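Each remark here refers to the structure printed beneath this line.
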Amino acid sequence: MSKIGVFVCHCGENISRTVDCERVARASEQIRGVAFATDYKYMCSDPGQALIKKAIREYELDGVVVSSCSPHMHEKTFRKAVEEAGLNPFLCEMANIREHCSWVHEKEETTTRKAIELVRLMVEKVKRNVALEPIRVNVTKRALVIGGGVGGIQAALDIADGGHEVILVEKDPSVGGHMAQLSETFPTLDCSQCILTPKMVDVGSHPNIKLYTYSEVEKIEGFVGNFKVTIKKKARSVDIDKCTGCGECQLKCPSKKIPSEFDRGLKNRTAIYIPFPQAVPARPVIDREHCIYFTKGKCKACQKVCPAGAIDYEQTDEYVEEEVGGIVVATGFDLYTVGEQGPYPDYRGYGEYGYGEDPDIIDGLQFERLASASGPTGGAILRPSDGKEPKSVVFLKCIGSRHPSKGIEFCSKICCMYTAKHTMLYKHKVHDGTAYVFYMDIRSPGKGYDEFVRRAIEEDGAVYLRGRVSRIYRSGDHLIVKGADTLSGAAVEIEADMVVLATAVMPQPGIEGLFQKLGISYDQYKFANEAHPKLRPVECATAGIFLAGACQGPKDIPETVAQASGAASKVQILFSRDEMLREPVVAKVNENTCIACWYCLEVCPFKAITQKEIRDRKGNLIKRVAEVNPSVCTGCGTCAATCFSNSIDLAGFTDEQIYSEINALMAVGQDLFPEPGKEEGESPDEQAA
Amino acid sequence: MSDRTEGIREIARKWLGDGTVEAVVGWEQGTYKDKTSPVLIRTPEEADRLLFNERCTNNLMTYLKREPVRGMEKVGIVAKGCDIKALIGLLQESQVEREKVKVIAVTCPGVKKDDGTVPVKCRACDVNTPTFYDEIVGEKVDSSPEPGARFEGLEALDAMTPAERFRFWRGELDKCIRCYACRQVCPLCICSRCIAEKNQPQWVETSPHPRGNFSWNLVRAYHLAGRCVECEACETACPVNIPLMLLNRAMARTVKGAFDYEAGKDPETQPPLRAFNLDDDNSFIL
Amino acid sequence: MEESHGTEAGTERVDQETTATSWEPRIVAFICNWCTYTGADLAGTSRMKYPPYVRVIKIPCTGRFDPLFMIKAFERGADGVLVSGCHPGDCHYTAGNYNARRKYTVFKDLLATLGIDMDRVRFSWISASEGGKWVDTIKHFTEVIRGKGPFREYREMIDVG
Amino acid sequence: MPYMTLDRTDLPSLAEALAGRGKRLVLPVREGPELFYREGADPAQLDLSTIPKNSIKEFLFPKSEKILEYEYTGNDVVIDDVDPDAGPAVIFCARPCDAASLPVVEPLWNWDYKDKFFNERRAQTLVVTYACRTAPDDACFCVSVGLSPSSDQGSDVLLYPVDDTRVAVRLVSPAGRELEEVFSGFKKGEVSEESLDAFAKEGEQSLADRKRLDKVKNWLEGHFEDPLWEEKASRCIGCGTCTFLCPTCHCFDIQDESVFDGGCRLKNWDGCQFSLFTLHTSGHNPRDTQPKRYRQRILHKYSIYPEKFGRILCTGCGRCVAHCPVNLSLYDVVSTAQERAEKGE
Amino acid sequence: MTYAYYPGCSLKGTAIDYHTSAMALAERLGIELKEMEDWVCCGASPIHQRNPALASGVANLLLSLSKGISPQVAVLCAACYHNMKKAEVEMREDGKKRSEVEEISGIAFDPEVRTRHFLDILDKDYGLNALKEKVVKPLSDLRVACYYGCLLSRPPEIAFDDPEQPTIMERLLEAAGAETVSWSHRMECCGASHAVPLTHAVLRLVNDILQSARAAGAEVIACACPLCQANLDMRQAGILTKFGVAHNLPVVYFTQLLGLACGATGKEVMIEKGMVSAAPMLRAKNLL
Amino acid sequence: MKYQIRLTGDNARLTREINARCGVDLTQCYQCGECTAGCPMTPEMDAGPTKTLRLIQLGMEDALFDLNTPWLCASCETCTARCPNDIDIALVMDVVRQMARLKGKKIPVKQPRVFQDVFLKSVENNGRLYEPGMIAFYNLRSGDLFHDVGLGPKMLFKGKLPLLPHTSGNREKLREIFRKAEAFEKEAGKETSREAHADPGHGSGSDT
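These protein sequence lines are chains A, B, C, D, E and F, in that order. Quick note, our numbering runs 300 ahead of the 1-based positions in the first sequence. Quick note, our numbering runs 18 ahead of the 1-based positions in the second sequence. Quick note, our numbering runs 366 ahead of the 1-based positions in the third sequence. Quick note, our numbering runs 9 ahead of the 1-based positions in the fourth sequence. Quick note, our numbering runs 55 ahead of the 1-based positions in the fifth sequence. Quick note, our numbering runs 26 ahead of the 1-based positions in the sixth sequence.
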């Protein structure tokens, strides 16, 4: 027989004003298994807690129901008090007779009776409670940062500066990401490379950072504090240790007509190349798809000229394993490309703009390269088709974005600002030119942002037209842009020399593959989902994985950097202890009855369930069963509710506990269909009285 | 039909002879009227007992989940298209390994019930010629599912008021004697411990009184939602003639309508209660 | 005696019982810890008022809701059962409510097929900030259940043969 | 001695007359393709075309029956005895194999414990049996267990459908004879005792090919381990159809059903083919495979029960043969045993 | 290859040359265009401008006339194609719409039926390679501006080629040896539905289109719609009066050019029918 | 400024009525102007499609039916094809014309309406369109007696105009469809329309 103590709180008058607390206590005494029941003015006060502790010792209670406010209010308080009295804290439950009863009902018989029943439900539950111990998890104090753009760089540096080792994995040959491609940044117009390059160098030389460029995450196993990561180092064909980065190979490479990714096709590169002068590491890589040796079997020009003997055509992809405790995902974005065959097959193109195939229709990043001093034109704004200076440039915003019929409904957030910046950069370089901007709304909240847009209009004379463009076609030397200005209500036709499309900010194409490996969820556009949009914006639902930057949604540089530092801080909180304690409200499998149908495994949002093989002593497989990793399980109980044979249960909310609560809803003594006029079944205290 | 019988025997002889399988599960002539009975054939000599005819109503897949077949390394099984749907269900739920089961599919123009009528599953059949097997016997039979046949019983039920429906089911389910023939014969009732056998806590009362019967039949239908392949084994087995398929088909209709899913079609898909879509119907949730 | 639910018989009974005021609706609410439970707390802190016939059984997440709970609640005398959790997209555990929604979809149709009066079953999403919605939901549901009267049909199955 | 005859068409009225004095009335009616004994059915619906799918067992030994109630008050338990929910009853037109099951199981209910629930019902139940002119079904094998299509065992009254229109009445038991007046009220004619003998002979003749199972017990005693069990019963799916339809199977389980502060104890049908039937708390199950469970069923019926009570626990009604979902025929198994015993195997 | 052919009113009137040339071409290619019996007018633009449900009802009647010939309905007129295809797609995809239309027309919709423009038939069913084999007189040295107008591919649901950048006519004419020009106004509306009531507005649109074609160096415009042809061809006189521009640019049907390439005579394709005759130019290039 | 917008509550009823008539939800329009930008007739229009949709969103019934825009729509569907929100704008224009007719509104620009009427009358009468008759009748009705009169003889000369009308065996069937469709259009949107009329002064624009 259980020995449960029931402690009914008056909460000053908050409860006792409408609930007869004394009667609740007396009724509770009558419940089977209740060894002690009392009421008190303030249970949460020190004397109230002392009362509970005393009763636990005196009556050797094996369970406690505090009947007072919401558990969200004081569950921790009372569990701690119970623990101090030597009882396992999970043997204490609360019956919420304040928020769910006294505050929401009038002073009536039914209200007190409800309170009694709520206590009864909880007593029945507590009878089935068992002592639970917090789950301890070891923490490997090394971090993995995926993505070497400004977000990844910031996160890696912060963690490394905090004294922890960081593995930074970047898929491209150099770190830097999109920020390295930018000319200047809004709203200060400072040079992007000037502020980024020092950070790139820091990453390359930091003693705590292990940099894997031209590498990808191949596999991830484990859980928070204990991830095992397999990294694929793609074959560079260059021995990075021998290479001095002198660049001779680039000069001699005969394959020179490959559109440069870094310059977004506005300039060509060679097959062996350093992506851009400030690259970190400043080491070349051979693009095997275009290399003459790799495609035709002959050439080896680079090998011949390399003074360091660093060219290695035999290099193969290499796989390394690293153990880490926390992961920062900073895989960034790419721009939606206008056209039928973009990298985003789910989204249609823009046939009415000729699919953007006209060389003088470019995107925002291409414009950045044109405006960049280190870009293909040395910073001169020249149109790609013939190198002439464009005298009128039309900027189109919301291309792809806010375009439900093209499948993308979100606002790309940064376009309004960078387009304003583009008009300024243009005007600063082409004084007699005019910039036109077609916009639907100007979204410029942020410190100094709206002022910046106003400056573009007021000082640099950008002509802002509120409307979209229906068609762009070439007419001789010009592009005809047919748009509308909804403010005047008129159709607008502009003869443009160049058109810049502010295309949607999209996640890296194919990034969902990585997200699936990580077990993190993503939205319909493949942006990673945060654990909570307000309160846990840098965490993933999967413990130990954090987000930084535009992989989560469109973000500008300050936001990316701030979030990266936030993620780094989360990682360091994780690393601040040798061991993590986790709530023991976790699922548990009954291996005897589990039939390995794997429903639980599929519905678990946290990948906390894995397949386990049970073998006999000789190693023969007896059966497979589901196994819950308590370090990963967060206790939602979806597995338990899904399991047909009820072979998984959730500690703290076991089937037996819930069953007992439901069972306590009805007592034999209750007359469920009373005759008219007859009093309803008396509650136990009335019988006693 | 006889060529199908010969075809089955031939393959069984071959597989048993060359050790491809340890045993073959098939049908043999029963001893009562014209019924057939499931049989486990272990030697090539015994293969001549196997047969196929329009009275081969049993779904043999139920034997894959029970001893001795469950323990075998390799087993052959004779199956109609409808039976193979159950196999697909078992594969989806990892209850059997594809390599372990060798299927002798048999094309089937339809079977007949004990009273000589054609079951709904045959009238609605879309797998007269199976497409998932290791070997197939019999001439190709084109499928021409009767439109509406599958859900025809539901229309009468739909037409009732809820109160009438409740009375109808109360009458039917009161008859239940909890023999569990429905569960035992079902190829997809895969639990080694049925929820009805769990007594700590006892969610489903085992007593064959109206309340226990209601819970049991409700839970059975729920646990088969999106999984039931409509082989009708349960309804055929029920000794008190409860129209169990009405419940199963109602669930099939829901699952088809809500999740565009049909059980037993594709081993690669996720059963509907093992997955979700962000844009699943939300209209009924206030 | 003719036993039925549905409005005809229901109304009659109600008249009789509302005048007698002896029968009280019994509503069981399975609600998730993070959204609806907190929403109900908010209703309390805001001192909103609603009828006292609801008994809350807290579960961590609607994902934990097993339709067996509902059957058992009806067996144990519930006249109405409410299941409520976080709105889609708000689940504390990211996806528990999506899984729950699939279960509801299937289960509610099963109940309807069996002739359970679907007015006695209710699913809702009530967030932590929707104290008012919790109150409205309980008020309305209580009214509906009052209108229906006790769930005699179900409870009368208790008598053993 | 001649016996009175009634018109067949008068049977519904007869049933009503017998049940007239507030008795519960059970009779076979058609439901869909099959017949069932149903309590409270309309006598006009009486259908005698074949043997019903259920047996009359459920009217004496219900599938679920409350045997006590309890309630907690504080920490005490108060237990209330429950009386059988029974009253006078008439089972009208039972088949001889069903009626014969009553004397078969009576010793069981009165062995070390006298079961008041069965006994009280038995005492209040009048069984009017309708003899089979010929075997109503291919599955019948009453002659194999020493009974016949016109056996009067367990019957209070036996009706002989001597031809298409007339039914002869034989009042078998004292309780039956007390009803002479009721029957006389419907009397239309008479038949001779010889014609009843001829009737009985015709019935037995229709089952001439059925084996007498007199050597089965011996054989079973020597063949606890035998390939036969695996061969026949590996197809058994372990449901309760055969045991629940059987008029003589009588296993039950005790279940407590409780709510918060009390509940009741129920006696429910159970079946030896269920895997839980002999499962020990330890997890060990002495009959852990289906063939073992099936063997137990045969052994109990043809060896253990006869050993203890002197009667085969089977009346050859054939329901387990006709309705087994996988067509595992008990007759097939026991007749094989008989054959092998005859061959000395 | 047999198709249920729906000519529509224009093809038996103002666009008799389209009809005749298409028949001549089909015959040479071995395609049977079997005219549906008792067809009625599809109602063109006025019908849906008046009442969209009426337009669908009439289209359903027209689709039903294909019964007994082929579920594949061949259409030449872009307006007819637009009305019929739109109704067909709508009915196939929207059950509610379907029952509405069935109610109005009193005719059950046959979901098997497919409205096909002749361009689409030539491209997908017949094939460019097969067409190439039938070319006996390549249209060498002929610079054609292919004009699509609006109704062939709008809304995008009814388009049989890229709705914004179709190339189907170019591909067919290039297969016949012509040179096609790249020009900006191939998809711009010529305003044909207003050709009668709002002539002044239409002149502006037509002028822009002709200007663009000429600027691209076209010698002839090919089109696939009787309304476009009539509008672009007949309004050239009005343009001369209003804008003082003499375009003198022949506007012909693609079937006429393909017919010539496949060996039909000028008479067989009625090449003389245009207001601005293409005959002199074609003769000069030895194509007549 | 001819109109002043006075919002007094239910300004969404026009939007609802149009939705009821053709299933197009104009709350989705975010006034980007792409329809106006691509419309070939914009230069002739008083408002352009974007503004027209705006007036509907605001429930400005009087202003809406004063516009020539819907009547100048050439039904080229460029707007529909390019609308970023997949709004079938061309259909809305059709429906506005239809509503104007059903509500007996004065039509601001006569010719397209007359053309539509005579065209459909010709079709309804003959089953097929008789172009010469239609043009002659149009000129008569529009008052522009000599419209395109110069083209006629040329076309006749070219053999492009038939001298006698074609008729079709399905003429009766066609007429029946005309009748049923007319009944249908009156039924559709009746609810919203009735509701709108029962509630005058709600959100409608008024003359200043």
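Think of the CB as a built atom: it goes at the ideal place given N, C-alpha and C, for glycine as much as any other residue. This one's a predicted model, so the numbers in the text were calculated from it and none came from an experiment.
- [ ] Report, in whole angstroms, the separation of the C-beta atoms of residue 103 (chain D) and residue 76 (chain D), which I expect to be a contact under 8 Å.
- [x] Stepping through the fourth sequence from its first residue, residue 103 (chain D) is reached at position 94. Stepping through the fourth sequence from its first residue, residue 76 (chain D) is reached at position 67. With 8 Å as the limit, residue 103 (chain D) and residue 76 (chain D) do not qualify as a contact, their Cβ atoms being about 26 Å apart.
TODO: Using only alpha-carbon positions, find the residue among A:886, A:684, A:405 that is nearest to residue 415 (chain C).
DONE: Residue numbering aside, residue 415 (chain C) sits at position 49 when the third sequence is read from its first letter. The shortest Cα separation from residue 415 (chain C) among A:886, A:684, A:405 belongs to A:405.
Open item on the list: I'd like to confirm the pairing. Which residues does DSSP put opposite residue 59 (chain B) in its beta bridges?
Closed with: Here residue 59 (chain B) refers to the residue found at position 41 of the second sequence. Beta-bridge analysis with DSSP links residue 59 (chain B) to B:42.
Open item on the list: Output needed for residue 243 (chain D): all residues of its chain with C-beta closer than 8 Å, excluding positions within five of it in sequence on either side, in chain order.
Closed with: Residue 243 (chain D) sits at position 234 when you count from the first residue of the fourth sequence. Excluding residues within five positions, the ones whose Cβ falls inside 8 Å are 299, 300.
TODO: Give, in chain order, every residue of the region 819–831 of chain A whose Cβ lies closer than 7 Å to some Cβ of chain E.
DONE: none
Task: Length of the line joining the Cα atoms of residue 255 (chain D) and residue 160 (chain D) - done: Within the fourth sequence, residue 255 (chain D) is the residue found at index 246, counting from 1. Within the fourth sequence, residue 160 (chain D) is the residue found at index 151, counting from 1. If you take the alpha carbons of residue 255 (chain D) and residue 160 (chain D), they lie about 18 Å apart.
TODO: Please check if any C-beta of chain C sits within less than 8 Å of the C-beta of residue 184 (chain B).
DONE: Taking the second sequence and counting its residues from 1, the one referred to as residue 184 (chain B) is at position 166. Output row for residue 184 (chain B): interface = yes.
Open item on the list: Under 8 Å, Cβ to Cβ, is there at least one residue of chain E near residue 774 (chain A)?
Closed with: Here residue 774 (chain A) refers to the residue found at position 474 when the first sequence is read from its first residue. Yes, contact with chain E.
Task: Buried versus exposed, by CB contacts within 10 Å (16 or more), residue 278 (chain D) - done: Stepping through the fourth sequence from its first residue, residue 278 (chain D) is reached at position 269. Buried.
- [ ] Reducing DSSP to helix, strand and coil, say where residue 738 (chain A) ends up.
- [x] The residue given as residue 738 (chain A) occupies position 438 in the first sequence. It is a strand residue.
Task: Nearest candidate by alpha-carbon position, reference residue 247 (chain E), set E:289, E:122, E:58 - done: Counting from 1 along the fifth sequence, the entry for residue 247 (chain E) is found at position 192. The candidate whose alpha carbon is nearest that of residue 247 (chain E) is E:289.
Open item on the list: In whole angstroms, give me the CA-to-CA distance for residue 341 (chain E) and residue 241 (chain E).
Closed with: One-based indexing of the fifth sequence puts residue 341 (chain E) at position 286. One-based indexing of the fifth sequence puts residue 241 (chain E) at position 186. Between residue 341 (chain E) and residue 241 (chain E), the C-alpha separation is close to 27 Å.
- [ ] Would you kindly work out how many angstroms separate the C-alpha atoms of residue 298 (chain B) and residue 43 (chain F), rounded to a whole number?
- [x] The count along the second sequence starts at 1 and reaches residue 298 (chain B) at position 280. The count along the sixth sequence starts at 1 and reaches residue 43 (chain F) at position 17. One C-alpha to the other measures close to 29 Å.
Task: Residues that residue 806 (chain A) contacts on chain F, provided the C-beta gap is smaller than 9 Å - done: Taking the first residue of the first sequence as 1, we reach residue 806 (chain A) at position 506. Within chain F, no residue comes near residue 806 (chain A); the closest Cβ sits about 17 Å away, beyond 9 Å.
TODO: Closer than 6 Å by C-beta to residue 152 (chain B): which residues in its own chain qualify, once you throw out the five before and the five after it? Chain order, please.
DONE: Here the question's residue 152 (chain B) lines up with position 134 in the second sequence. Around residue 152 (chain B), the same chain offers 120, 121 as residues with beta carbons nearer than 6 Å, after the five sequence neighbours per side are excluded.
TODO: Taking all protein chains shown into account, decide if residue 70 (chain F) is buried (16 or more other Cβ within 10 angstroms of its Cβ) or exposed.
DONE: Translated into the one-based positions of the sixth sequence, residue 70 (chain F) becomes position 44. When all chains shown are included, residue 70 (chain F) counts as buried.
Open item on the list: Could you check if residue 174 (chain B) belongs to the surroundings of the ligand SAM, using beta carbon to heavy atom distance under 7 Å?
Closed with: Ligands in the displayed structure: none, and consequently the ligand SAM is not present.
TODO: Under 7 Å Cβ to Cβ from residue 160 (chain E), same chain only, skipping five residues before and after it: list those, please.
DONE: Position 105 of the fifth sequence holds residue 160 (chain E). Only 112, 115, 116 meet the Cβ criterion.
Open item on the list: Taking a contact to mean a Cβ-Cβ separation below 8 Å, would you say residue 543 (chain C) touches residue 953 (chain A) in this structure?
Closed with: In this structure chain C extends from 367 to 527, so residue 543 (chain C) is not present and cannot be described.
Open item on the list: What does the alpha-carbon distance come out to for the pair residue 310 (chain D) and residue 321 (chain D)?
Closed with: Locating residue 310 (chain D) in the fourth sequence gives position 301, where the first residue counts as 1. Locating residue 321 (chain D) in the fourth sequence gives position 312, where the first residue counts as 1. About 6 Å.
Task: Buried or exposed by the 16-neighbour rule on C-beta atoms within 10 Å, applied to residue 53 (chain D) - done: Stepping through the fourth sequence from its first residue, residue 53 (chain D) is reached at position 44. Exposed: under 16 other Cβ atoms inside 10 Å.
Open item on the list: By the DSSP assignment, the alpha helix (DSSP H) with residue 448 (chain C) in it spans what residues?
Closed with: Within the third sequence, residue 448 (chain C) is the residue found at index 82, counting from 1. Segment 446–451 is the beta strand (DSSP E) holding residue 448 (chain C); no alpha helix (DSSP H) there.
Task: According to DSSP, residues forming a beta bridge with residue 751 (chain A) - done: For the purposes of this step, residue 751 (chain A) is taken as residue 451 along the first sequence, with counting starting at 1. Assignment of beta-bridge partners to residue 751 (chain A) by DSSP yields no partner.
Task: Residues that residue 717 (chain A) contacts on chain F, provided the C-beta gap is smaller than 8 Å - done: If you number the first sequence from 1, residue 717 (chain A) lands on position 417. Neighbours of residue 717 (chain A) in chain F, taken as residues at a C-beta separation under 8 Å, are lacking, since the least C-beta distance is about 20 Å.
- [ ] List the whole-angstrom C-beta distance separating residue 251 (chain E) from residue 161 (chain F), where the pair is believed to meet the contact cut-off of C-beta under 8 Å.
- [x] By one-based count along the fifth sequence, residue 251 (chain E) stands at place 196. By one-based count along the sixth sequence, residue 161 (chain F) stands at place 135. The pair is a contact, with the Cβ atoms about 7 Å apart (cut-off 8 Å).
TODO: Measure from the C-beta of residue 30 (chain F) to each C-beta in chain A and report whether the shortest distance is under 8 Å.
DONE: Position 4 of the sixth sequence, counted from the first residue, corresponds to residue 30 (chain F). Answer no: the Cβ-Cβ gap between residue 30 (chain F) and chain A never drops below 8 Å.
TODO: Give the DSSP-derived three-state secondary structure of residue 763 (chain A) in the structure shown.
DONE: One-based indexing of the first sequence puts residue 763 (chain A) at position 463. In the three-state reduction of the DSSP assignment, residue 763 (chain A) falls in the strand class.
Task: residue 219 (chain B) at chain A interface by Cβ criterion, 8 Å - done: Taking the first residue of the second sequence as position 1, residue 219 (chain B) is located at position 201. Yes - at least one Cβ of chain A is within 8 Å of the one on residue 219 (chain B).
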